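A short write-up of the structure that comes next.
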Amino acid sequence: MHLIEKNKVDIYDIPISDITDQYLEYLNEMEEADPDVMSEFLVMAATLLDIKARMLLPKEVDEEGNEEDPRAELVEKLLEYKLYKYMSIELKDKEINASKMVYRQADIPEEVSKYEAPIDLDAFLGDLTLRKLKEVFDDVIARSNEKINVQAVQYGTLKREEIKIADRIDFLRTRVSNGGRCSFRELLEEHRTKMNVIVTFMAVLELMKAGELSAVQDEKNNDIILCAAE
Numbered sequence: 000m001h002l003i004e005k006n007k008v009d010i011y012d013i014p015i016s017d018i019t020d021q022y023l024e025y026l027n028e029m030e031e032a033d034p035d036v037m038s039e040f041l042v043m044a045a046t047l048l049d050i051k052a053r054m055l056l057p058k059e060v061d062e063e064g065n066e067e068d069p070r071a072e073l074v075e076k077l078l079e080y081k082l083y084k085y086m087s088i089e090l091k092d093k094e095i096n097a098s099k100m101v102y103r104q105a106d107i108p109e110e111v112s113k114y115e116a117p118i119d120l121d122a123f124l125g126d127l128t129l130r131k132l133k134e135v136f137d138d139v140i141a142r143s144n145e146k147i148n149v150q151a152v153q154y155g156t157l158k159r160e161e162i163k164i165a166d167r168i169d170f171l172r173t174r175v176s177n178g179g180r181c182s183f184r185e186l187l188e189e190h191r192t193k194m195n196v197i198v199t200f201m202a203v204l205e206l207m208k209a210g211e212l213s214a215v216q217d218e219k220n221n222d223i224i225l226c227a228a229e
């Protein structure tokens with residue numbers, strides 16, 4: 000992830016050859032001799048080399064008639080890492096803000112003030128929208144793996160649909176402008192390919208991070224409703 004961000008590379012269009020070469024060069028320069036650390040880096044190096052080798056082979060076609068991208072699994076892992084990293088930053092900010100609060104001594108009996116009610120974990124954690132976003136995302140990805148494209152079966156391979164994250168961000172801004180709202184699940188299910196589902200998910204995260212998008216849980220429909228941030 001460090002190399003990808005350093006080179007300002009689109010996460011869904013990773014130049015695997017360049018990243019692999021840079022990663023191996025970094026590995027050779029490592030001074031860390033800890034076996035556990037080295038083993039983790041070597042596993043990633045082997046993964047990158049495997050993907051690089053598969054990129055040179057003829058493209059495989061899945062059940063839907065789409066060409067499989069050897070980088071897709073790596074993209075999913077990087078996206079998940081980025082999501083949890085973002086969640087950790089959000090929780091850290093909440094902790095910092097909480098530490099700045101000053102409480103006045105309550106004018107109540109000591110025995111009452113010392114009483115501690117049992118903690119309701121769900122209420123304590125609050126509305127973990129990011130965790131719910133990840134849950135809906137995983138569900139849509141699982142469904143896309145099971146779905147068979149009838150058109151591809153009947154008419155052969157279809158032209159691969161590709162979208163850019165910048166275009167998806169612009170689309171979302173328009174969708175929620177003037178009080179508009181949209182279903183996160185339906186937004187992801189509009190796409191046939193797993194890569195485009197990932198790109199849309201990243202666009203949502205970027206707008207949330209920029210403070211342009213708000214997300215509200217719809218427990219009844221196991222969904223998230225997206226709208227412009229106030």
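All residue numbers for the sequence shown refer to numbering that gives the first Met the number 0, where the first residue is 0 and numbers rise by one.
Just so it is clear, CB atoms sit at the ideal spot from N, CA and C, and this is done for glycine as well.
These numbers come from a predicted model, not from an experiment.
Who are the near neighbours of residue i in its chain, counting only those whose CB is closer than 7 Å to its CB and skipping five residues on each side?
i    : result
M207 : A214
S176 : A227
R174 : C181
E79  : none
Less than 8 Å between C-beta atoms, sequence neighbours within five positions excluded: which residues of the same chain meet that for residue i?
i    : result
E211 : R172, A227, A228
I223 : T128, K131, L132, V135, S182, F183, R184, A214, V215, Q216, D217
D119 : Residue placement at D119 is poorly supported in this model, since its pLDDT is 42, which falls under 50; the coordinates still yield a value, given next. So no residue of the chain qualifies.
D137 : none
E205 : I164, I168
A209 : none
Exposed or buried, what is residue i when buried is set at 16 or more other beta-carbons lying within 10 Å of its beta-carbon?
i    : result
N195 : buried
A202 : buried
R167 : buried
I147 : At I147, the pLDDT of 42 sits below 50, so the modelled position is not reliable; the number obtained from the coordinates is stated separately. Exposed: under 16 other Cβ atoms inside 10 Å.
I164 : buried
V149 : Only weak support exists for where V149 lies, its pLDDT of 43 falling under 50; the coordinates are left without a value.
N221 : exposed
Using beta-carbon positions only, say whether residue i and residue j come within less than 8 Å of one another.
i    : j    : result
Q241 : K133 : Only positions 0 to 229 of the chain appear in this structure, which leaves residue 241 out of reach.
V198 : I140 : no
F170 : L187 : no
Skipping 5 residues on each side, what residues in its chain have a beta carbon closer than 6 Å to that of residue i?
i    : result
H190 : V196
### Query
What are the start and end residues of each continuous alpha helix (DSSP H) run of 4 or more residues lying completely inside the stretch 171 to 212, in chain order?
183 to 188, 193 to 208
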